[in-house]
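Residue numbers (UniProt numbering): 1 to 364. We treat Cβ as the ideally placed atom computed from N, Cα and C, and that holds for glycine. Keep in mind the model is a prediction, meaning the values are calculated, not measured.
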Amino acid sequence: MISASESPAVRSPPDSGYVNVRRSFNLSRDHLAALTANRNPPLDPVIYRVHKGVEKMFEGGISGEFTSVHELAKKMNSGQLKICSRIGEGMYSKVYGATIDKTHKVAIKWMDCENLRSEIRDKFLPREINNWKKICHPNLLRLFAIVEGISTKAMFCELTEYGDLLRILQKSGPRFPFAQKTLWIGQIVKAIDYLHSRNIAHRDLKCENCLYFPNDVIKVTDFGFCVETQRVGELSQTFCGSRAYSAPELVRGEPYDVFKVDIWALGVIIAVIVNHTMPYVDSSGVDNNAFLVHLQEQRILILNHAVPPKHLGMCQDSLDCLLRQYPAARPDSATLMFCAWWRCVTAWHGDHILLRQRIFEYLC
Numbered sequence: 001m002i003s004a005s006e007s008p009a010v011r012s013p014p015d016s017g018y019v020n021v022r023r024s025f026n027l028s029r030d031h032l033a034a035l036t037a038n039r040n041p042p043l044d045p046v047i048y049r050v051h052k053g054v055e056k057m058f059e060g061g062i063s064g065e066f067t068s069v070h071e072l073a074k075k076m077n078s079g080q081l082k083i084c085s086r087i088g089e090g091m092y093s094k095v096y097g098a099t100i101d102k103t104h105k106v107a108i109k110w111m112d113c114e115n116l117r118s119e120i121r122d123k124f125l126p127r128e129i130n131n132w133k134k135i136c137h138p139n140l141l142r143l144f145a146i147v148e149g150i151s152t153k154a155m156f157c158e159l160t161e162y163g164d165l166l167r168i169l170q171k172s173g174p175r176f177p178f179a180q181k182t183l184w185i186g187q188i189v190k191a192i193d194y195l196h197s198r199n200i201a202h203r204d205l206k207c208e209n210c211l212y213f214p215n216d217v218i219k220v221t222d223f224g225f226c227v228e229t230q231r232v233g234e235l236s237q238t239f240c241g242s243r244a245y246s247a248p249e250l251v252r253g254e255p256y257d258v259f260k261v262d263i264w265a266l267g268v269i270i271a272v273i274v275n276h277t278m279p280y281v282d283s284s285g286v287d288n289n290a291f292l293v294h295l296q297e298q299r300i301l302i303l304n305h306a307v308p309p310k311h312l313g314m315c316q317d318s319l320d321c322l323l324r325q326y327p328a329a330r331p332d333s334a335t336l337m338f339c340a341w342w343r344c345v346t347a348w349h350g351d352h353i354l355l356r357q358r359i360f361e362y363l364c
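Spelled out as structure tokens, the structure:
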């Protein structure tokens, strides 16, 4: 639930001529089957085995306090846990690669709670853990276990050796084919729909929080700003996320629909993936919110030559609907699932490898 500090407020007016996309969208049996499959996915047997391996390792519990991941590893019996190296670091945590029983590779998100701001420790961290425990989807990073010390937390989750989408794009340049980028985008849409169907908004969607796994699998991560709300139309006043991906209403400091800011952020992610550049960059050098909002209002994003000419109109229309100025004019996640651009991905609920093969035939 949204806290009292995130009180409801009045929505902005919709775009002129706006049609309620959800009411006007008639779901066929195939559409309903795809939605149902996405929102109730089967458990990956590989992930299940790793999960059970982690649970078995901690069956006897951990005695005493531990102040580092290396100290935690020493407390394990028979060297079950081996810390490999530190693979990342955020503002509030460090991430390590590790192996369990010499077979299962995992990541460990390590947090020293004593060094956290009180708002992060008492509000956002419990919310992150609570929401992360609830979710189970092939395009969301899986949490296996949480080990808590007196002032520390170790979160065991899936590991990728490839990093995030921003790193992939920066390292490899704009060489990826359109079909491959569409496969990535469709998976992010599926992750958002799964979260939104459970009344959970992410609120920090960006390329850095979309991890790349083998076979072009994308998994959304970092649930620190996730919020769950059961009340339709309830708005939030908590500013969170990255300014470059923030919707205009968020930048202006207005109460906002937590689900609609996710839709805007998705539009920015798509623009980065396809155009290989950040669409809204504050060049004033002073974090000028007014300048950024002006840029968002005036700049119409045009997809570049990376999109084949025969698909350009369809793709441009899809992007435009995500980046509408008024939140109420942006589509909801159910409508997004059947957007013509990535429908070949989101309507598919079979084997991912087979989809990866077929999408190149479909979009080339």
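Would you mind sorting Gln170 into buried or exposed? The rule is 16 or more other CB atoms within 10 Å of its CB. Residue burial annotation: Gln170 is exposed, with fewer than 16 other C-beta atoms found within 10 angstroms of its C-beta.
Under a three-way DSSP split, which group does Ile302 fall into? Assigned with DSSP and collapsed to three states, Ile302 falls in coil, not helix or strand.
Would you call Ile302 buried or exposed, if buried means 16 or more other Cβ atoms sit within 10 Å of its Cβ? Counting Cβ neighbours within 10 Å, Ile302 comes out exposed, since fewer than 16 surround it.
Contact between the region 181 to 193 and the region 202 to 217 (3+ Cβ pairs under 8 Å): Verdict: yes, contact present.
Could you spell out the range, first to last residue, of the beta strand (DSSP E) harbouring Gly186? Judged by DSSP secondary structure, Gly186 falls outside any beta strand (DSSP E) and instead within the alpha helix (DSSP H) spanning Phe178 to Ser197.
Pop quiz: Thr160 and Tyr212 are said to be a contact at Cβ under 8 Å. What is the actual Cβ separation, rounded to whole angstroms? The C-beta distance from Thr160 to Tyr212 rounds to 6 Å, short enough to meet the 8 Å contact threshold.
For the pair the region 170 to 188 and the region 145 to 154, tell me if three or more CB-CB distances fall below 8 Å. Judged by Cβ distances under 8 Å, the region 170 to 188 makes no contact with the region 145 to 154, as fewer than three pairs qualify.
Less than 7 Å between the beta carbons of Gly267 and Leu319, yes or no? Going by C-beta atoms, Gly267 is nearer than 7 Å to Leu319.
Residue range of the alpha helix (DSSP H) that Tyr280 falls in? For Tyr280, there is no enclosing alpha helix (DSSP H), as DSSP marks it with neither H nor E.
For His31, report the span of its alpha helix (DSSP H) as first-last. For His31, the enclosing alpha helix (DSSP H) starts and ends at Arg29 to Arg39.
Around the C-beta of Gln296, are 16 or more other C-beta atoms found within 10 angstroms, so that it is buried, or is it exposed? Under the 10 Å beta carbon count, Gln296 is surrounded by 16 or more other beta carbons and is classified as buried.
Alpha carbons only, please: which of Glu65, Glu249 and His349 is nearest the one belonging to Asn40? If we check each option's Cα against that of Asn40, His349 comes out closest.
Hey, Arg142 and Cys136 are a contact pair by Cβ (cut 8 Å); roughly how many whole angstroms apart? The pair is a contact, with the Cβ atoms about 7 Å apart (cut-off 8 Å).
Tell me where the beta strand (DSSP E) around Val220 begins and ends. Annotation for Val220: the continuous beta strand (DSSP E) segment containing it runs Val217 to Val220.
So Ala179 and Ile359 are supposed to be a Cβ contact under 8 Å. How far apart are they, rounded? Between Ile359 and Ala179 the Cβ distance is about 5 Å, and since that is below 8 Å, they are a contact.
Say whether the region 316 to 333 touches the region 260 to 275, bearing in mind that this needs 3 or more beta-carbon pairs closer than 8 Å, one atom from each stretch. Yes: the two stretches touch, three or more of their Cβ pairs being nearer than 8 Å.
Continuous alpha helix (DSSP H) stretch holding Thr346: start and end: Here the alpha helix (DSSP H) through Thr346 covers Arg343 to Thr346.
Looking at the structure shown, is Val54 part of a helix, part of a strand, or coil, going by DSSP? Looking at Val54 - three-state DSSP - the assignment turns out to be helix.
Note down, in chain order, each residue of its chain lying with its Cβ closer than 6 Å to the Cβ of Leu166, except the 5 sequence neighbours on either side. Residues of the same chain with a CB within less than 6 Å of the CB of Leu166, apart from the 5 flanking positions on each side, are Cys207 and Glu208 in chain order.
Where in the region 106 to 164 do unbroken runs of the alpha helix (DSSP H), each at least 4 residues long, occur, reported from the N-terminal end onward? For the region 106 to 164, whole alpha helix (DSSP H) runs of length 4 or above, ordered along the chain, are 125 to 134.
In three-state DSSP terms, what is Asp332? Three-state DSSP puts Asp332 in coil, outside helix and strand.
Continuous beta strand (DSSP E) stretch holding Ser85: start and end: Where Ser85 is concerned, the enclosing beta strand (DSSP E) starts and stops at Leu81 to Glu89.
Using the three-state DSSP reduction, which class does Tyr212 fall into: helix, strand or coil? DSSP places Tyr212 within a strand segment (E or B) once states are collapsed to three.
What residue does the alpha helix (DSSP H) around Val251 start on, and which one ends it? From DSSP, the alpha helix (DSSP H) with Val251 extends over Pro248 to Val251.
Environment of Glu158 [buried if 16+ CB atoms lie within 10 Å]: Flag for Glu158 reads buried.
Classify Gly173 as helix, strand or coil using the three-state DSSP reduction. The three-state reading of DSSP puts Gly173 in coil, since its state is none of H, G, I, E or B.
For the region 102 to 109 and the region 41 to 60, state whether three or more C-beta atom pairs, one from each stretch, are separated by less than 8 Å. Yes, they touch.
Cβ shell of Phe156 (< 7 Å), same chain only, five flanking positions each side left out: Around Phe156: Val54, Val106, Ile108, Phe144 and Ala145.
So the alpha helix (DSSP H) Gly313 belongs to, where does it begin and stop? Secondary structure note for Gly313: its alpha helix (DSSP H) is the uninterrupted segment Pro309 to Leu322.
C-beta atoms of Val293 and Val251 nearer than 7 Å: Pairing Val293 with Val251 gives a Cβ-Cβ distance under 7 Å.
Are Asn131 and Cys226 closer than 7 Å when you measure CB to CB? Yes, the pair counts as a contact, with Cβ atoms nearer than the cut-off.
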